[in-house]
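Student: The structure is given below, and queries will be raised subsequently.
Residue numbers (the working numbering): 632 to 742.
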């Protein structure tokens, strides 16, 4: 699975232009639930990448790092963990809940 880091909104916008589907995972490294959910999300994305879905990029953002505060404000991240899926540079799905997210994520990536 390809997980990339982005440092700025400009860098994010460049990646959104290059990739059909981008999954952004906003988490806090001090949050146990965030870490568990991140592992599950990584497994889902790996499974999809090994299948027929190749144009998929995962980006993990640790919001505990103050250098990423601009993402919180620009993308309106108010709770952690938050997952945002972009397709064709547009946000198509945002998920905050910590339970039962696997099917929702798969459905929004593959539709």
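Even glycine gets a Cβ: it sits at the ideal position worked out from N, Cα and C.
Check each candidate in 694, 718, 722 and 698 and name the one with the smallest Cα separation from residue 709.
Tutor: The residue given as residue 709 occupies position 78 in the chain shown. Of the listed residues, the one whose Cα sits closest to residue 709 is 694.
Student: Between which two residues does the beta strand (DSSP E) holding residue 641 run?
Tutor: Taking the first residue of the chain shown as 1, we reach residue 641 at position 10. No beta strand (DSSP E) holds residue 641; the alpha helix (DSSP H) holding it covers 640-649.
Student: Please classify residue 689 as buried or exposed, where buried requires at least 16 other C-beta atoms within 10 Å of its C-beta.
Tutor: Along the chain shown, read from residue 1 onward, the residue named residue 689 stands at position 58. Buried, because 16 or more other Cβ atoms sit within 10 Å of the Cβ of residue 689.
Student: What is the rounded straight-line gap between the Cα of residue 706 and the Cα of residue 675?
Tutor: Numbered from 1 along the chain shown, position 75 holds the residue referred to as residue 706. Numbered from 1 along the chain shown, position 44 holds the residue referred to as residue 675. Their backbone Cα atoms lie some 23 Å apart in a straight line.
Student: Spell out the partners DSSP gives residue 721 in its beta bridges.
Tutor: Residue 721 sits at position 90 when you count from the first residue of the chain shown. In the DSSP output, where bridge partners are listed per residue, residue 721 has 718.
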